[in-house]
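For reference, the structure is listed below as structure tokens.
In the working numbering, the protein residues as written are 144 to 534.
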């Protein structure tokens, strides 16, 4: 997805910011993921243990009905079984969409939803292909050949991003544009919960880490808490470039409006909503840390991130930096189990190698602040030492 996101950044950076188009909610609550029957899914015990020396080998695990992608078609997760009894859950990123025009994916097989090239939407994909994802995701935390990789021998559950809703939605929405319509299944919350239910019922894990990049980083704002509830034990969260900063008023992506449109608010605990009511959604991190006294939350973000800060949030880089540092600084001041790794850069994402990887060095292993490389900082956070690093 990294090359597609780089192209997306170029296209969107010259596109005017207009209001989102009209819509109709077809199903307000698509499904209760906690009641989904997962008996048709394969047994985790039957999956082969992956040898890290020859690189990561992904196994495709279909999700049961009613789990679907944004087009309403069957979807899946990818699993890598490790030799240790530790679990990493990763949420993929790739933009977001909330109307007819923005829900025009860059990567798809349905020509009617991809044409024309100009006027492209703001989401990378609304359907996922195993052959592409399994070949593509091999940098950063997925480069298990590296002995310094903290997750080299861990089991990894990879949740593809194909619903345009930050993995938080639970509704079906019809979008309108000049007499045309398209129906999008914003049901990422359902897929995420079912994936976590399945791996939880596969056995007890000693350690659980929840992470995600970009849109997947935003997912951790909700699913760090979801994982804590499902697994019934402390979790470590590593958010890669999904900071939850409230967009500028000129952004079309006003979070309160699109979360409601996606049916996401119904999935956020009622008492958690007060943490960010009238404030940046970032503050919901405090909810998890208040509920779970042994949980830790680490946030990686470039201080002048052009994709999140300028394209989606509609700030100038220095405006985004100021708000990012203010909001996250307040959270850090109140809770030392929250910490930051913040490069003074314009880039976007790092734990899977970075947006421009492999055209540049793998940021997970080479990005460095105050003597800590990013992978070393992640190790510290996982071990309960939440080192706060702001360049």
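Note that beta-carbon positions come from the ideal geometry of N, C-alpha and C, so glycine has one too.
Remember, predicted model here, so these are calculated numbers, not experimental data.
With a threshold of 9 angstroms between beta carbons, is residue i in contact with chain C?
i, result
"residue 280", "No chain C is present in this structure, which holds just one protein chain."
Where does residue i fall in DSSP's three states?
i, result
"residue 205", "strand"
"residue 475", "helix"
"residue 180", "coil"
"residue 156", "The predicted position of residue 156 is uncertain, since its pLDDT is 42 and thus under 50; a value taken from the coordinates is nonetheless stated next. Of the three classes helix, strand and coil, the one that applies to residue 156 here is helix, per DSSP."
"residue 467", "helix"
"residue 383", "strand"
"residue 282", "coil"
"residue 506", "helix"
"residue 261", "Only weak support is given to the placement of residue 261: the predicted model assigns it a pLDDT of 47, under 50, and the value that follows is read from those uncertain coordinates. In this structure, residue 261 counts as coil in the three-state DSSP scheme."
"residue 187", "helix"
"residue 314", "strand"
"residue 454", "helix"
"residue 365", "helix"
"residue 531", "coil"
"residue 221", "strand"
"residue 134", "Residue coverage of the chain in this structure runs from 144 to 534, which leaves residue 134 outside it and unanswerable."
"residue 348", "coil"
"residue 411", "coil"
"residue 336", "helix"
"residue 524", "helix"
"residue 163", "coil"
"residue 199", "coil"
"residue 115", "The structure shown does not extend to residue 115, since the chain spans only 144 to 534, so no value can be given for it."
"residue 425", "helix"
"residue 272", "coil"
"residue 516", "strand"
"residue 342", "helix"
Find the nearest neighbour of residue i within the set the options, judged by alpha-carbon distance.
i, options, result
"residue 400", "280, 308, 491", "308"
"residue 209", "287, 333, 316", "333"
"residue 407", "162, 170, 165", "170"
"residue 318", "302, 166, 413", "166"
"residue 231", "363, 385, 529", "363"
"residue 531", "506, 478, 500", "478"
"residue 202", "302, 404, 237", "302"
"residue 306", "388, 214, 384", "214"
"residue 517", "442, 273, 298", "442"
"residue 325", "438, 529, 168", "168"
"residue 481", "381, 200, 220", "381"
"residue 484", "205, 277, 523", "523"
"residue 268", "445, 534, 515, 310", "310"
"residue 181", "420, 234, 336, 294", "336"
"residue 298", "475, 178, 183, 221", "221"
"residue 501", "225, 275, 283, 374", "283"
"residue 355", "383, 504, 192, 242", "383"
"residue 422", "474, 448, 435", "474"
"residue 343", "272, 533, 497, 228", "228"
"residue 495", "404, 360, 452", "360"
"residue 505", "403, 493, 514", "493"
"residue 135", "304, 387, 347", "A query on residue 135 cannot be resolved here, the shown segment of the chain reaching from 144 to 534 and no further."
"residue 385", "315, 357, 394", "357"
Once the 5 residues before and after residue i are set aside, which same chain residues still bring their CB inside 7 angstroms of it?
i, result
"residue 537", "What the structure shows of the chain is the stretch from 144 to 534, and residue 537 is not part of that stretch, so it cannot be assessed."
"residue 411", "365"
"residue 376", "351"
"residue 536", "Nothing can be reported for residue 536, as the shown portion of the chain is limited to 144 through 534."
"residue 293", "518, 521, 522, 525"
"residue 281", "198, 199"
"residue 437", "377"
"residue 534", "485, 486, 487, 512"
Using a Cβ-Cβ cutoff of less than 6 angstroms, which residues in the same chain neighbour residue i once the five nearest sequence positions on both sides are dropped?
i, result
"residue 527", "none"
"residue 461", "none"
"residue 396", "390, 455"
"residue 445", "486, 488, 490"
"residue 430", "415, 418"
"residue 519", "none"
"residue 174", "209, 333"
"residue 439", "379, 480, 524, 529"
"residue 190", "202, 224"
"residue 279", "none"
"residue 205", "219"
"residue 345", "187"
"residue 464", "446, 447"
In the DSSP assignment, what residue or residues form a beta bridge with residue i?
i, result
"residue 249", "Paired residue(s): none; residue 249 is not in a bridge."
"residue 442", "382, 483"
"residue 491", "Beta-bridge pairing links residue 491 to no other residue."
"residue 174", "Answer is none; residue 174 lacks a bridge partner."
"residue 294", "Residue 294 is not bridged to any residue."
Once the 5 residues before and after residue i are set aside, which same chain residues still bring their CB inside 8 angstroms of it?
i, result
"residue 594", "The shown model of the chain, from 144 to 534, leaves out residue 594, and the question about it has no answer."
"residue 261", "With a pLDDT of only 47 at residue 261, under the threshold of 50, the placement of this residue in the model should not be trusted, and no figure is reported."
Checklist entry - Three or more beta-carbon pairs under 8 angstroms between the segment 501 to 514 and the segment 461 to 469, yes or no? => result The answer is no - the segment 461 to 469 does not touch the segment 501 to 514, with fewer than three Cβ pairs under 8 angstroms.
Checklist entry - With a cut-off of 8 angstroms, do at least 3 Cβ pairs link the segment 362 to 377 to the segment 238 to 247? => result Taking 8 angstroms as the limit for Cβ pairs, the verdict is that the segment 238 to 247 does not touch the segment 362 to 377.
Item to check | Stretch pair the segment 280 to 300 + the segment 190 to 198: three plus CB contacts closer than 8 angstroms | outcome: By the Cβ criterion, the segment 280 to 300 is in contact with the segment 190 to 198, since at least three pairs of Cβ atoms, one from each stretch, lie closer than 8 angstroms.
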